[in-house]
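> Chain order of the listed sequences is Y and F.
Number 55 in my numbering belongs to position 55 of the first sequence; there are no gaps in the numbering.
Number 406 in my numbering belongs to position 406 of the second sequence; there are no gaps in the numbering.
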Amino acid sequence: MPILRKSTSPLQRHNVWGVIFVAPALTIFAVFAFYPMLETFFVSLTRYDLLTPREYIGIGNYIRIFDDPNFLSSLRISAVYVVVSTVITLAISLGLALLLNSAGSGGATVVGSGAGGWLRTVYFFPTTISLVVVAILGRMVFQPRGLMFAVTSVFNSQPIPWLNEAALALSALISVRIWRTAGYFMVFYLAGLQNIPRTYYEVADMDGASHWQRFRSITWPLLKPTTLLVLVTCMINAIRDFAVPHVMTGGGPAGGTRILSILIYENAFQFLRMGRAAAMSVVMFAVLMTVTLIQIRFFRSEH
Amino acid sequence: MKRFVQLCGVVAFTILILSPLAFAGGSRETVSENRLVFWKHHHEPADRFLENIIADFQAENPDVEIVVESIPHGEYITKLLTSIAGGEGPDLFDLGDTDVPGFMARNIMAPIDYAALGFPSQAAFEAEWLPTTLDSFTDAQGRRYGYPIEYNSWQLVINTEHFREAGLDPERDYPRTWEDVVRIGRALTRYDDSGNITRSGFILPFPHHSGWYLFNFEPHLLQRGGLILNEEMTESFVNSPEGVAVAQYWHDLVYTHRITHPDAASASADANQDFGEGRASMWITGPWAVPVLQNYGVPFKVVSLPQHDPANPVHITSSWAWFVNRSSRNQELAWRFIEFASKYQEEWLTEVGYILPRIGWFESEAAQTLDGLDVFLDGMSYGRPRVRTLNYAEVANVMQRHLQRVVLQGVSPEQAMNDAKVEIDRVVRD
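#1: Rounded to whole angstroms, what's the CA-CA distance from residue 224/Y to residue 237/Y? Just pull it up for me.
#2: Would you call residue 14/Y buried or exposed, if buried means 16 or more other Cβ atoms sit within 10 Å of its Cβ?
#3: Taking the alpha-carbon of residue 412/F as reference, which of 396/F, 351/F, 424/F and 239/F has the nearest alpha-carbon?
#4: What residues in the region 240-266 of chain F bring their beta carbon closer than 8 Å to a beta carbon of chain Y?
#5: Note down, in chain order, every chain Y residue with its Cβ under 8 Å from the Cβ of residue 229/F.
#6: Under 8 Å, Cβ to Cβ, is there at least one residue of chain Y near residue 401/F?
#7: Strictly below 9 Å CB to CB, what residues from chain Y border residue 404/F?
#8: Near residue 23/F, what residues of its chain come up, given a Cβ to Cβ distance below 7 Å and the 5 sequence neighbours on each side ignored?
#9: Just verifying my parser: in three-state terms, what is the DSSP assignment at residue 118/Y?
#10: Can you find a C-beta in chain Y that's less than 8 Å from the C-beta of residue 408/F?
#11: Could you work out which residues of chain F lie near residue 271/Y, taking near to mean beta carbons separated by less than 9 Å?
#12: In three-state terms, what does DSSP make of residue 233/F?
#13: With which residues is residue 385/F paired in a DSSP beta bridge?
#14: Starting from the C-beta of residue 104/Y, find all residues in its chain whose C-beta is less than 6 Å away, skip the five residues before and the five after it, and write them out in chain order.
#15: Using the beta-carbon count (16 or more within 10 Å), is residue 288/F buried or exposed?
#16: Give a yes or no on whether the C-beta atoms belonging to residue 318/F and residue 386/F are separated by under 8 Å.
#17: What does DSSP give as the partner residues of residue 94/F in its beta bridges?
#18: Check whether the Cβ of residue 144/Y lies closer than 8 Å to any Cβ atom in chain F.
#19: Suppose you measure from the CA of residue 38/F to the CA of residue 89/F; what does that come to, to the nearest Å?
#20: Would residue 418/F count as contacting chain Y if we go by Cβ distances under 8 Å?
#21: Does the beta carbon of residue 130/Y come closer than 8 Å to any beta carbon on chain F?
#22: Kindly indicate if chain Y contains any beta-carbon less than 8 Å away from that of residue 412/F.
#23: With a threshold of 6 Å on Cβ separation, who are the neighbours of residue 30/F within its own chain once the five nearest residues in sequence on each side are excluded?
#24: Compare the C-beta of residue 106/F against all C-beta atoms of chain Y and say whether one is closer than 8 Å.
#25: Between the alpha carbons of residue 18/Y and residue 24/Y, how many angstroms are there, rounded?
#26: Using beta carbons (cut-off 8 Å, strictly below), is residue 319/F in contact with chain Y?
#27: Looking at the strands, I want to know which residues DSSP matches up with residue 300/F.
#28: In chain F, what lies closer than 8 Å to residue 159/Y by C-beta?
#29: Would you mind sorting residue 206/Y into buried or exposed? The rule is 16 or more other CB atoms within 10 Å of its CB.
#30: Does the CB of residue 105/Y have a neighbour CB from chain F at under 8 Å?
#31: Going by C-alpha distance, which of 410/F, 382/F and 352/F is nearest residue 48/F?
#32: What does residue 55/Y touch in chain F if you count any residue whose Cβ is under 7 Å from its own?
#33: By alpha-carbon positions, which one of 44/F, 394/F and 143/F ends up nearest to residue 309/Y?
#34: Write down every uninterrupted run of the beta strand (DSSP E) in the region 139-223 of chain F whose length is 3 residues or greater and which is fully enclosed by it, in chain order.
#35: Any beta-carbon of chain Y closer than 8 Å to the one on residue 431/F?
#36: Using a C-beta to C-beta distance shorter than 9 Å, which residues of chain F count as neighbours of residue 50/Y?
Below is the structure:
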C-alpha cells in the first residue's frame with residue numbers, strides 16, 4: 001500500500017510529507033526545549049535545592065517573588081536594558097545598513113563597494129568575538145583608569161565612575177551590547193534593503209522625491225518585516241543576555257546591573273533556590289511572550 | 001507495505017539523530033578504582049605545590065591517577081554543587097567553613113575514615129589538632145567530616161616603603177586602633193593635581209567577591225560587640241548601633257577622611273593586587289596571601305588587625321578543609337591521599353601560606369620563615385569563627401550590595417543597614 005494514496009489531494013500529500021520531514025526537528029525541539037520549559041513550570045511550584053527531593057508549595061514562589069523588592073528592581077533594570085539597547089541597536093544597524101547599501105538605496109552612496117565590503121566586515125567583527133572576551137574587554141575599557149578614562153580625561157580630569165555607579169554601569173553594559181550586536185543586525189537590514197526592487201526608487205526619482213521621502217515611503221514600509229525580525233530577535237537576545245553582564249559587572253555595583261538573568265542565576269546556582277529561580281524564569285517567559293505577540297500584532301496591523 | 005517502510009525510515013532517521021545524545025547522557029566515564037578526581041578553589045601557590053605532592057604520591061603509588069581541577073573562587077561552590085547534584089561530583093574537594101553547614105544539611109560529605117588516615121580512633125585524631133580547629137567541620141552529633149588544610153586569622157598588611165616615605169616607622173608606628181588607621185592612612189594617601197586618590201592609605205574590597213566584604217566588616221562588628229545574626233540564626237542585627245557604626249566608618253573612609261575611593265581600586269580578579277602593586281598602603285588579608293604578596297615583590301609587614309578596644313582584642317578566623325564525597329567509590333584512597341598531603345605541613349606554610357593547625361610544628365625553623373606567622377597565630381588565639389548559617393552566600397550577597405550602596409553611592413549607613421536587616425531576615429526565615 002503506498003504511503004500516500006492516490007485519492008488524496010496534492011495539498012494533503014504535501015502536508016503529510018511536510019510533517020514527516022519536520023518530525024526529527026520537532027522531536028528534538030520537544031525533548032530539549034518544550035520538555036524543559038514544562039519542567040521549569042513544575043519546578044516553579046516547588047521548593048527545590050537540586051540535592052534534596054522537591055516539596056510542592058503551589059504558587060508560593062510566585063507570591064514570594066512579587067513581594068521581593070530585588071525581583072521588582074531586577075525587572076525594572078532588565079526593562080531599561082532591553083528597551084534602550086534594542087532601540088539604539090535597531091537605529092544604528094539600520095543606519096549602518098543604509099550607509100553601506102549602495103545598490104538598494106537607489107542613489108548616491110557614501111562608500112564604494114570595496115570599502116563597503118571592508119566596513120561590513122569591521123562592523124560584523126564584534127559579533128564573532130567570544131562573549132567572555134567581550135566582557136573582559138568591556139571591563140578594561142570602563143574600569144576607573146581604563147580607556148574611557150583616557151578618552152574623557154581630555155575634557156574632564158575627574159574619572160567617570162563607569163563601573164562604580166549604577167546608572168553608568170548599566171550604560172556601559174548597554175554600550176557593549178550595542179557594539180557587539182549592531183553589526184549582526186546590520187546584515188539583516190542589508191539583506192532587507194537588497195530585496196527592495198530598484199524600480200521603486202527610479203520611479204520616485206522621476207517624481208522628484210527627496211531622500212527622506214524615498215526612505216519614508218519606500219524603504220521603511222518595505223523593511224517592516226525585517227524590522228519585526230530584528231526587533232523580536234534583539235529583544236529576546238537582550239533579555240536572555242547573561243555572560244557579558246555576569247563577567248563585566250556581576251550585577252553590581254550595589255545590584256544596579258542585576259538584570260533578570262543574573263538574579264535567576266544567583267537564586268538557582270548560588271543560593272540553590274531552584275523553585276524561586278524557575279518562577280522568575282516563567283515570569284520572564286510570560287513577559288517576553290506578551291511583548292513579542294504585541295510587536296507581531298502591531299506590525300501586522302500596520303502592514 | 002511501501003508506506004510502512006517509508007514510515008519506518010522516518011522513525012529510524014529520528015532515532016538516529018537522537019541516539020548520540022541519548023548515549024552521551026548514558027555513557028558516564030568508567031570510574032577507575034585508582035583514579036581520584038580532586039576539585040579545589042584556585043590559589044596559584046597551592047595549585048603549584050599540589051603538583052609536587054601528587055608526583056610524590058604517585059611515585060609511591062604508581063597505579064594511582066589523581067586529576068586536579070582548580071576552579072576560580074567566585075565560581076567554585078556553584079560548580080561543585082551543580083556537579084554533585086548531577087551525580088558527577090569529584091571524589092575529593094576543598095570547602096570553606098561557611099559553606100560547610102549547607103553541605104552537611106544536604107548529606108554530601110563522608111565522615112572521616114580514621115582507619116584510612118592511620119589513626120586508631122577519633123580521639124587519637126582529635127589529639128593531633130589545635131583545640132576548636134576541627135569544630136567548623138563537625139556535625140551536631142560530633143561526627144567529623146573535614147580535614148583542615150588552611151586555618152586563617154585576618155590581619156593587617158602594611159607597605160613598609162610607603163610608611164618610611166611618609167616619615168613613619170613601620171616597626172613602631174603601625175595602627176593599633178581603627179582611629180589610628182584613619183590618622184596614619186591620611187599620611188599615606190596620595191592625590192594627583194586634581195585631588196583624585198592615586199594611592200589609598202587603607203583600601204576596602206570595593207569590586208571584589210562578597211566574602212571579602214564580610215572578612216572586613218565582621219571582625220570590626222564583633223569588636224564593637226555587634227553580630228551579623230543571632231545565635232539561632234533567625235534574625236539579623238546588622239542595623240544595631242554597632243553595625244551602623246562600622247558602616248559609618250567605611251562611609252567616612254571614602255567621603256570624610258578621603259583615604260580611599262572606589263575609583264582608586266582596580267577591577268582585578270585578585271583582591272590583593274592593589275596592595276601588591278603599591279596602589280594601597282594598608283589592607284586586610286590572610287596568611288595564604290603572604291606568598292602572593294611576595295610574588296608581587298611589594299615590601300610589606302604583617303601587623304595585628306586594628307581593634308576597637310585593644311585591651312580586649314577580637315579577631316576573625318576562617319578555615320578550609322578537604323572533604324571526601326559520600327558518593328565517591330574511592331573514599332579510602334582519597335583519605336590516604338589526604339593524610340599523605342598533610343605530612344608536608346611546613347611546606348604548605350612556606351610555599352603556599354596555608355597554616356595546618358596540627359600541634360607541634362609551629363616552633364620549627366621552617367615555620368618561622370613565613371612573614372607574620374606570629375601575628376597570625378596570635379590572632380587565632382583571640383579568634384572567633386565567621387557567622388555560620390545555611391544561607392551564608394545569600395547573607396554575604398546582601399551585605400555586599402548594601403555596603404556598596406554606602407561606599408559607592410554615599411547612601412546613609414543607617415538606611416543601608418536597615419535595608420540589609422530586612423533582607424537578611426527574609427533570607428534566614430525562608
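All C-beta atoms, glycine included, are put in the ideal place defined by N, C-alpha and C.
Let me spell this out:
#1: Translated into the one-based positions of the first sequence, residue 224/Y becomes position 224. Translated into the one-based positions of the first sequence, residue 237/Y becomes position 237. CA-to-CA, the gap between residue 224/Y and residue 237/Y works out to about 20 Å.
#2: Mapped onto the first sequence, residue 14/Y falls at position 14. Its Cβ having fewer than 16 others within 10 Å, residue 14/Y is exposed.
#3: On the second sequence, position 412 is the one that residue 412/F refers to. Nearest option by C-alpha distance: 239/F.
#4: Listed in sequence order: 262, 263, 264, 265 and 266.
#5: Position 229 of the second sequence, counting from 1, holds the residue named residue 229/F. Within 8 Å Cβ-Cβ: nothing; residue 229/F doesn't reach chain Y, min ~16 Å.
#6: The sequence position of residue 401/F within the second sequence is 401, counting from 1. At least one CB of chain Y lies nearer than 8 Å to the CB of residue 401/F.
#7: Reading the second sequence from its first residue, position 404 is the one you call residue 404/F. Annotation: Cβ neighbours of residue 404/F in chain Y (cutoff 9 Å, chain order): 164, 252, 253, 254, 255 and 256.
#8: Along the second sequence, read from residue 1 onward, the residue named residue 23/F stands at position 23. For residue 23/F, the pLDDT reaches just 44, beneath the cut-off of 50, and the residue's location in the model is therefore unreliable, although a value from the coordinates is still provided. Around residue 23/F: no qualifying Cβ.
#9: By 1-based counting over the first sequence, the position of residue 118/Y is 118. DSSP, read as helix, strand or coil, puts residue 118/Y in helix.
#10: Position 408 of the second sequence, counted from the start, is the residue given in the question as residue 408/F. Closer than 8 Å: yes.
#11: Locating residue 271/Y in the first sequence gives position 271, where the first residue counts as 1. Within chain F, the residues 391, 393, 394, 397 and 427 have their CB atoms less than 9 Å from the CB of residue 271/Y, given in chain order.
#12: Translated into the one-based positions of the second sequence, residue 233/F becomes position 233. Residue state, collapsed to three classes: coil.
#13: Here residue 385/F refers to the residue found at position 385 when the second sequence is read from its first residue. Beta-bridge pairing links residue 385/F to 317/F.
#14: As a position in the first sequence, residue 104/Y is number 104, starting the count at 1. Residue placement at residue 104/Y is flagged as unreliable, the pLDDT there being 43, under the threshold of 50; the coordinate-derived value follows with that caveat. Cβ within range, chain order: 193, 194 and 196.
#15: Within the second sequence, residue 288/F is the residue found at index 288, counting from 1. By the 10 Å Cβ count, residue 288/F comes out buried.
#16: Along the second sequence, read from residue 1 onward, the residue named residue 318/F stands at position 318. Along the second sequence, read from residue 1 onward, the residue named residue 386/F stands at position 386. Yes.
#17: Walking along the second sequence from the start, residue 94/F turns up at place 94. Beta-bridge pairing by DSSP links residue 94/F to 322/F.
#18: What you label residue 144/Y is simply residue 144 of the first sequence in a count that begins at 1. Yes, residue 144/Y lies at the interface with chain F (some Cβ there is under 8 Å from its Cβ).
#19: Locating residue 38/F in the second sequence gives position 38, where the first residue counts as 1. Locating residue 89/F in the second sequence gives position 89, where the first residue counts as 1. Cα to Cα, residue 38/F sits roughly 9 Å from residue 89/F.
#20: Here residue 418/F is taken as the residue at index 418 of the second sequence, counted from 1. By the rule that beta-carbons nearer than 8 Å mark a contact, residue 418/F does not touch chain Y.
#21: Here residue 130/Y refers to the residue found at position 130 of the first sequence. So no, residue 130/Y is outside the interface.
#22: In the second sequence, the residue the question calls residue 412/F occupies position 412. With respect to chain Y, the C-beta atom of residue 412/F has no partner C-beta closer than 8 Å.
#23: Looking up residue 30/F in the second sequence gives position 30. In this predicted model, residue 30/F has a pLDDT of only 45, less than 50, meaning its place in the structure is not dependable enough to derive any value.
#24: Counting from one through the second sequence, the residue named residue 106/F turns up at place 106. So yes, residue 106/F belongs to the interface.
#25: Mapped onto the first sequence, residue 18/Y falls at position 18. Mapped onto the first sequence, residue 24/Y falls at position 24. If you draw a straight line from the Cα of residue 18/Y to the Cα of residue 24/Y, it is about 11 Å long.
#26: For the purposes of this step, residue 319/F is identified with residue 319 of the second sequence, where counting begins at 1. False, the Cβ-Cβ gap to chain Y never drops below 8 Å.
#27: Within the second sequence, the letter at position 300 stands for residue 300/F. Residue 300/F pairs with 159/F.
#28: Counting from 1 along the first sequence, the entry for residue 159/Y is found at position 159. Correct list: 196 and 263.
#29: Along the first sequence, read from residue 1 onward, the residue named residue 206/Y stands at position 206. Classification for residue 206/Y: exposed.
#30: Within the first sequence, the letter at position 105 stands for residue 105/Y. Residue placement at residue 105/Y cannot be trusted, given a pLDDT of 47 that sits under 50; what the coordinates show is reported in the next sentence. Not an interface residue.
#31: Along the second sequence, one-based indexing puts residue 48/F at 48. Of 410/F, 382/F and 352/F, the residue nearest in Cα terms is 352/F.
#32: Within the first sequence, numbered from 1, the residue matching residue 55/Y stands at position 55. Going along chain F, no residue has its Cβ under 7 Å from residue 55/Y, so there is no contact; the nearest lies around 13 Å.
#33: Here chain Y comprises residues numbered 1 to 303, so residue 309/Y is not present and cannot be evaluated.
#34: Counting only runs of 3 or more, we get 147-153, 155-159 and 197-199.
#35: Because chain F is modelled from 1 through 430, residue 431/F falls outside the range shown and cannot be assessed.
#36: In the first sequence, residue 50/Y corresponds to position 50, counting from 1. Chain order gives the chain F residues near residue 50/Y as 81, 82, 84, 85, 86 and 106, where near means a beta carbon separation below 9 Å.
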